[in-house]
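Participant:
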Amino acid sequence: MLRIFNIQRYSIHDGSGVRTVVFFKGCPLNCLWCNNPESIDPFPSIMFDERLCRRFEDCIKAGNGKIKSGNNTLFIDRENIQNASSLRDICPSGALSVTGKEVSIQEILREVEKDIHFYRTSGGGVTLSGGEPFAQESDLKELMIELRKKGIHISVETSLHVPWETIEEYDGLVDTFLADLKHTDAEKFGMFTGGNATLVLNNFIKLDEKGSHFIIRVPVIPGFNYSEQELYSIIDFAAGLKNAREINFIPFNSLAKEKYAMLGREYQYGDTGNVNKSDLLRYVEFAGRKGLKAEILN
Ligand code: SF4
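Just so you know, the numbering used here puts 68 at position 66 of the sequence shown, and the rest follows in order with no gaps.
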């Protein structure tokens, strides 16, 4: 079984051509700006959208004392709810929902195969995203083997924040790694993501040595890596990889803000400002001079 929280068809921003994106649940990092905060916990997550709540109170009855009302809102003791899935269809208005479930390989294949003709005519395929796909404990390899048997192109969006042995296990199954290069400084990386930059940088070097096809993705985040020195250092690292051909800059946006509230989490990236297009164009130009095909993704 695999843990997912969404399957999105007709995507044109997650790799080449028309793609179906499978979003896996669970991530070893906890980036403060994460656009998919519901992906981080590997287990089902309870989301509550106050705007939709009609005070039906079905959730309070089902919550066994872990969900209470007061001050015109709900208090959800998420830490102590043992089985979030039991609340999945409890709310008639959809204000309280549960995201994330276990699905079989066959269930994913059934969904993915619906667009197989579009993949063939557009040069598309399937993108495994997240969360972190390589953090799945089982069945991921089997899924990729089945996709390959059907001739479906596979891209994986990854933080590369997993042991090299894990990545190596998928060697020959992944067509394109869409790999995040967030920072080159270990201390800054650790402070903002909770992870280990050296692990990521070493995995880039190993992917490069193996000759794997990868596209580098740089989330440009104010307060984290949005300075000339930091972005030049990232571009320099990328340009030093002999098989790196492409680099994509993904400017920060705060669209995920409401999701944090729905998950009962604090959003720490509300007032950090935006990324300036003219700055990005300067980095595109710098990367181009270093021999990289650079693009801004939105
Ligand atoms: S690596 Fe991606 S999915 Fe994981 S926490 Fe960071 S931004 Fe979110």
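No residue lacks a Cβ here, since even glycine has one placed at the ideal position from N, Cα and C.
1) Count the CB pairs spanning the segment 37-49 and the segment 143-161 that are closer than 8 Å, and state whether there are at least three.
2) Quick one: Cα of residue 289 to Cα of residue 239, how far?
3) Is the CB-CB distance between residue 181 and residue 199 below 8 Å?
4) Who pairs with residue 221 in a beta bridge, going by DSSP?
5) Any beta carbon from chain C within less than 8 Å of residue 73's own beta carbon?
6) When the Cα atoms are used, what is the spatial distance from residue 300 to residue 262?
7) When the Cα atoms are used, what is the spatial distance from residue 70 to residue 91?
8) From residue 251 to residue 230, what distance separates their C-alpha atoms?
9) Does the separation of the CB atoms of residue 294 and residue 247 fall below 8 Å?
10) Starting from the Cα of residue 273, find the closest Cα among 24, 95, 35 and give me that residue.
11) When you measure from the CB of residue 42 to every non-hydrogen atom of the ligand SF4, does any distance come out below 7 Å?
12) May I ask whether a heavy atom of the ligand SF4 can be found less than 7 Å away from the beta carbon of residue 182?
13) According to DSSP, which residues form a beta bridge with residue 99?
Facilitator: On the basis of the supplied data:
1) no
2) 11 Å
3) Not in contact: residue 181 and residue 199 (Cβ atoms no closer than 8 Å).
4) In the DSSP assignment, residue 221 is bridged to 252.
5) Of the chains in the structure shown, none is chain C; there is only one protein chain.
6) 21 Å
7) 18 Å
8) So the two alpha carbons sit approximately 14 Å from each other.
9) yes
10) 35
11) yes
12) yes
13) DSSP output for residue 99 lists 49 as bridge partner(s).
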